[in-house]
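Numbering (this note's numbering), first residue to last: 2 to 459.
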Ligand code: GLU
């Protein structure tokens, strides 16, 4: 039975790298029918807070990465917060002391390596250190392959203030929680030899390790950090990103699903995901690609789903609080669905649709100048308003409106385009927006005519 864990330290924000590590663990558990454990590594008390924990829980839930064991989910191997596991650590430390694999020195407890010892003066650290002659520690990493590293100095496992160090509690928990596969960022590869020696000293089976490649920052060399632009998961949540888009994007950061697959459902990702498909080479964060994926997901949303998400976003932004109040439900829905194919993301909607909901919309001065400088736009707009006024023009379909405009244009020996720009400027104040006849249909005859008349009078 495969058991994996995601073991975040709640030190602030939940960033793209953490989300990717969580995702790969979750995918591996779901792919293999194993168990996904959430363990909170909160031993560094000063840097941790409850608010930080909620950031982790919220982000995981938003991404749909449900955990089978852990805080809030229960399980047979708890507690799942390291800050609550001290008695367990004491037992394990005692085992090492009893077995002669740990000793006290200068108030701290040290892990004892096995091998011939001799003192040398380390010029770099300017002190005498005890070196231990050991065989190299071998790590058979499922992604990196065979890695060897020499541990040749005893190391502290409990600080003089009594707090156990990361390496120790990390290994104890992996043993106690019966973790079979440790999937984590490559920055931990250099710790792994210490971990392997600890597993062996406890007489516990060494889990499989899979160190996943780093995520490089968008521009320039180096690892992406939480200070980099676009690094925080909560930012995408706030901006109304579709969580599946982020999951899809993250899955491809260091994993190759084969072929040129890009947009995949979560079910498909679960089916295809496996550790041998994870690359050794680093992945580069590409915010444009993420935005593009999000756009594809927005476009593909079923109407009801799209409207629900859009309305939730408007509510969070308080979009309608200052204006005349909430718009008519059916009108709002029509406006949203008309805009769906044209926007890059949900976050664009408030600005993109603003003129639909107020008669006080701004007229873009540049667009006005350009539109009004050629031809006879006022005459065209007058003609158009007079045609649209006629009850025989059916305002319930885009096609009927389009035909009425085309008929008018033909009668004047002109084209649709001679009416389009000035009409759009009059009813929306700009030159971008959804398709013109769809806009007329959704706004309705009265609103369209009122706007045109006001524009002509100005
Ligand atoms: N708490 C460690 C981290 O956040 C986890 C290390 C591990 O996964 O073993 O990097």
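Glycine included, every Cβ here is placed at the ideal spot set by N, Cα and C.
Taken through DSSP and simplified to helix, strand or coil, residue 16 comes out as strand. According to the DSSP secondary-structure assignment, residue 132 is paired through a beta bridge with 119. Within the same chain, and ignoring the five residues on either side of residue 256 in sequence, the residues whose Cβ sits closer than 8 Å to its Cβ are 25, 274, 278, 279 and 280. Within 10 angstroms of the beta-carbon of residue 147 lie fewer than 16 other beta-carbons, which makes it exposed. In this structure, residue 143 places its C-beta atom within 7 Å of the C-beta atom of residue 211. Distances taken from the Cβ of residue 232 to the heavy atoms of ligand 1 include none shorter than 6 Å. The shortest C-alpha to C-alpha distance from residue 219 to any of 60, 12, 201 and 286 is the one to 286. By alpha-carbon distance to residue 31, the top candidate from 6, 145 and 19 is 6.
Residue burial annotation: residue 459 is exposed, with fewer than 16 other C-beta atoms found within 10 angstroms of its C-beta. For residue 354, the three-state secondary structure derived from DSSP is helix.
For residue 145, no beta strand (DSSP E) encloses it, and the DSSP letter there is neither H nor E.
Residue 387 and residue 270 have their C-alpha atoms roughly 56 Å apart.
The beta carbon of residue 397 sits closer than 8 Å to those of 442, all from its chain and outside the five residues before and after it, given in chain order.
When beta bridges are read from the DSSP output, residue 263 appears opposite no residue. Annotated three-state conformation of residue 166 is coil, per DSSP. Taking a C-beta distance under 7 Å as the contact criterion, residue 381 and residue 356 do not qualify as a contact pair.
Contact annotation: residue 82 and residue 41 have beta-carbon atoms nearer than 7 Å. Counting along the chain, residue 157 sits inside the beta strand (DSSP E) bounded by residues 156–159.
DSSP places residue 111 in the uninterrupted beta strand (DSSP E) bounded by 109–112. Annotation for residue 70: no beta strand (DSSP E) segment contains it, and DSSP assigns it neither H nor E. Under DSSP, residue 139 takes part in a beta bridge, and its partners are 149.
According to DSSP, residue 63 shares a beta bridge with no other residue. Non-local beta-carbon contacts of residue 435 in its own chain, meaning distances under 7 Å to residues more than five positions away in sequence, involve 339, 340 and 343 in chain order. The nearest non-hydrogen atom of ligand 1 is 6 Å or more from the C-beta of residue 330. When C-alpha distances from residue 106 are compared across 74, 156 and 213, the shortest belongs to 156. The alpha-carbon of residue 56 is positioned some 21 Å away from that of residue 249.
Within 6 Å of the C-beta of residue 42 there is at least one heavy atom belonging to ligand 1. If you check the C-beta of residue 72 against ligand 1, you find no heavy atom less than 6 Å away. Residue pairing of residue 104 in beta bridges, as defined by DSSP: 111. Contact check for residue 175 and residue 183: beta-carbon distance about 6 Å, within the 8 Å limit, so the pair qualifies. By the criterion of a C-beta distance shorter than 6 Å, residue 117 is surrounded in its chain by 134, once the five residues flanking it on both sides are discounted. With distances taken between CA atoms, residue 348 lies nearest to 318 out of 322, 336 and 318.
For residue 406, the enclosing alpha helix (DSSP H) has its first and last residue at 399–412.
By the neighbour-count definition (other C-beta atoms within 10 Å, threshold 16), residue 121 is an exposed residue.
Within 6 Å of the C-beta of residue 9 there is at least one heavy atom belonging to ligand 1. Between ligand 1 and the CB of residue 171, the shortest heavy atom gap is smaller than 6 Å.
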